[in-house]
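A.B. asks: Have a look at this one before I ask anything.
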Amino acid sequence: MTTISLAYPAKLTEDEDGRFVVSFPDFGWGATDGATRDEALEEAQDCLEEMIAGLLVEGEALPKPSPARGRSLVRPGVLIAAKAALNQAFRESGTTRVALAKALGVGEAEVRRMLSPRHKTKITRLEDALAILGKRLELSVADAAA
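Per the working numbering, the sequence shown runs over residues 797 to 942.
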């Protein structure tokens, strides 16, 4: 079974003004900051989601997360993570949007919305599409500090 992890290590540095800057070495671009370490890490989730969304819109694969090596891990929200998983499964399947739409019993425009990181698709619809592509969506719950 293949498991997709979207927990990316964040590099935190303090700038000359005492603000904490967060970047993601696995992406090589994009950064955010905060007045405190905690604030910077909160902003980092939004930054990560925007980077993931940008790659999905461009039709590009996400980088594989590198080992944390003592760095804080940042995870995207559940919906964008599910959208990323659907996009990856869709690319790997070699199927078309029309074929997936037919299998789901919906129009091709609905599949385009499902693949779009900006559209608020119901999680059950994403589960259905992933199942057709031979994948299963799983959710794990961990302590917030982890």
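No residue lacks a Cβ here, since even glycine has one placed at the ideal position from N, Cα and C.
Looking at phenylalanine 820: is its Cβ nearer than 8 Å to the Cβ of methionine 847?
C.D. replies: Yes; because the gap between Cβ atoms is below 8 Å, this pair is in contact.
A.B. asks: Measure how close the beta-carbons of leucine 852 and asparagine 883 come, nearest whole angstrom, since I'm counting them as under 8 Å.
C.D. replies: Contact flag correct, Cβ pair sits at about 5 Å.
A.B. asks: So, using beta-carbon positions, are alanine 857 and isoleucine 876 closer together than 8 Å?
C.D. replies: Result no, Cβ atoms of alanine 857 and isoleucine 876 do not sit closer than 8 Å.
A.B. asks: Is the CB-CB distance between tyrosine 828 and valine 818 below 8 Å?
C.D. replies: The sequence as given places threonine at residue 828; tyrosine does not occur at that position. Yes, these two residues count as a Cβ contact at 8 Å.
A.B. asks: Please return the same chain residues whose Cβ sits closer than 8 Å to the Cβ of aspartate 822, not counting the five positions on each side in sequence.
C.D. replies: Within the same chain, aspartate 822 has close Cβ partners Tyr804, Pro805, Pro859, Lys860, Pro861, Ser862.
A.B. asks: Our contact map puts leucine 926 next to leucine 933 with C-beta atoms below 8 Å; I'd like the distance itself, whole angstroms only.
C.D. replies: Contact holds; Cβ gap of about 5 Å.
A.B. asks: Three-state secondary structure (DSSP) at threonine 891?
C.D. replies: Note: threonine 891 maps to coil in three-state DSSP.
A.B. asks: So what's phenylalanine 816 in DSSP terms, helix, strand or just coil?
C.D. replies: Reduced to three states, the DSSP call for phenylalanine 816 is strand.
A.B. asks: With a threshold of 6 Å on Cβ separation, who are the neighbours of aspartate 811 within its own chain once the five nearest residues in sequence on each side are excluded?
C.D. replies: Closer than 6 Å at the Cβ level, and outside the excluded window around aspartate 811, lie Val817.
A.B. asks: Do valine 874 and leucine 837 have their C-beta atoms closer together than 8 Å?
C.D. replies: Against a cut-off of 8 Å, the Cβ pair of leucine 837 and valine 874 comes out as no contact.
A.B. asks: Taking Cβ positions, are lysine 807 and arginine 893 nearer each other than 8 Å?
C.D. replies: Contact: no.
A.B. asks: Would you call the CB atoms of leucine 896 and valine 907 closer than 8 Å?
C.D. replies: Against a cut-off of 8 Å, the Cβ pair of valine 907 and leucine 896 comes out as a contact.
A.B. asks: How is glutamate 838 classed by DSSP in three states: helix, strand or coil?
C.D. replies: Three-state result, glutamate 838: helix.
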